[in-house]
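Protein chains in written order, with my numbering: chain A, 117 to 273; chain B, 654 to 910.
Every residue, glycine too, gets a C-beta built ideally from N, C-alpha and C.
Here the structure is a predicted model, which means the values were calculated and not measured.
Heads up: the structure comes next, in structure tokens.
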């Protein structure tokens, strides 16, 4: 019991040595590691926050691009359908004029044929009429004398 | 384990006998010094190996343990002490953990180590350094020295002397002696109360364990375990109080009143 100098001094020296050791070899690395980790975590959180914000921005951008694309697509479809109906109209018009042309040509042909046939028929009818008349009169008709009559007849047929 | 050859008084006195070397002033309590060193080296190697491989990445188990304690002490110091922490924080850690290990030695059965020592011919062995006033005063006198150093560091020699002479009653010349007396008492009371609080708690606890050990073997477990469980509270509490008061005293010393 009681105090004695030897033990007391021994304890004081021991204590100071231990404190020195702790200050030199224990405290700095631990505190440094903890500070570094705190910094790392803070950086990580900041990076995550930044990433989140960038993602939000990207979402907004995607929305805008999509809207633009949809608009473009709609206008392309519009143009295409317009162009399509134009083509159809053009084709229709072409077909109509071609048809009309064909019809006109056919009509001209027909008229020509008709005229041709009429001509042939006329001359044939004239021949038959002359022959018939000749037979009825039992005499020869003087072609020269009746030419005027014949022409008149022919014109009438 | 009071053997037949010993009376209870002899048993207790025997248990309270230090293993000594030297004479008079230069007496060494070899057991106190030895166990202080053992616990100190346990403390330092634990923290040294924990700190040496400390990484900012994922910490291992030992590093975790070290970090929890370092962080705990660092927070206590930050709350209590507002000067430069470079020395005070490691000091507080050393005080806390060293005292904690000292106190923990009290949980080793009181007869175990003395008995082991006696088998190799050492007849006295008190293993709890904090139940030896020399150990607790060794700490608290170091703290007293630091209080004076920090007073001078914080306020300068002039400030320190001025405070000693003129605080708290003022600078009227007649009051100076009273100021000095009060300040000296205050200064001395700090290490004395620090040392005696720790010593008293652990000495009483050790004494109680010794008394319990004198009961018949079948009656020891109940008071023994009850006291040990209660003592688990006292062990870290006393270590924490010692550390906190050290921080507070140094803070008071460093700052202007």
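- When Cβ pairs closer than 8 Å are counted between the two stretches, the stretch 712-726 of chain B is seen not to touch the stretch 798-814 of chain B, the count staying below three.
- Using a Cβ-Cβ distance cut-off of 8 Å, the stretch 838-858 of chain B and the stretch 742-759 of chain B are in contact, since at least three pairs of beta carbons, one from each stretch, lie closer than that value.
- Sixteen is the threshold: when 16 or more other Cβ atoms of the shown chains lie within 10 Å of the Cβ of residue 843/B, as they do, the residue is buried.
- CA-CA distance, residue 124/A to residue 135/A, rounds to 16 Å.
- Looking at the backbone, the Cα of residue 155/A and that of residue 808/B are separated by about 35 Å.
- Using a C-beta cut-off of 8 Å, the stretch 723-739 of chain B makes no contact with the stretch 175-191 of chain A, since fewer than three inter-stretch Cβ pairs fall below that distance.
- For chain A, the residues of the stretch 686-719 of chain B that bring a beta carbon within less than 8 Å of one of its beta carbons are 686, 689, 690, 693, 696, 697, 700, 701, 703, 704, 705, 707, 708, 709, 710, 712, 716, 719, in chain order.
- For the stretch 786-804 of chain B, the residues whose beta carbon sits under 8 Å from a beta carbon of chain A are, in order, 786, 787, 788, 790, 791, 792, 794, 795.
- By the Cβ-count criterion, residue 779/B is buried, with 16 or more other Cβ atoms from all chains shown falling within 10 Å of its own Cβ.
- Under the three-state reduction of DSSP output, residue 734/B falls in the coil class, being neither helix nor strand.
- Taken atom to atom, the span from the alpha-carbon of residue 197/A to that of residue 207/A is near 15 Å.
- In chain order, 707, 708, 709 make up the part of chain B whose C-beta sits under 7 Å from the C-beta of residue 149/A.
- Taking a cut-off of 8 Å for Cβ pairs, the stretch 665-676 of chain B and the stretch 766-781 of chain B touch, as three or more such pairs fall below it.
- When beta bridges are read from the DSSP output, residue 682/B appears opposite 673/B.
- Straight through space, the alpha carbons of residue 711/B and residue 172/A are spaced by roughly 31 Å.
- Taking CB atoms only, residue 161/A has no neighbour in chain B less than 8 Å away.
- DSSP, reduced to helix, strand and coil, places residue 832/B within a helical segment of the structure shown.
- Of all alpha-carbon atoms in 901/B, 890/B, 864/B, 906/B, the one lying nearest the alpha-carbon of residue 660/B is that of 864/B.
- Segment contact: the stretch 816-835 of chain B against the stretch 892-907 of chain B, fewer than three CB-CB distances shorter than 8 Å; contact not assigned.
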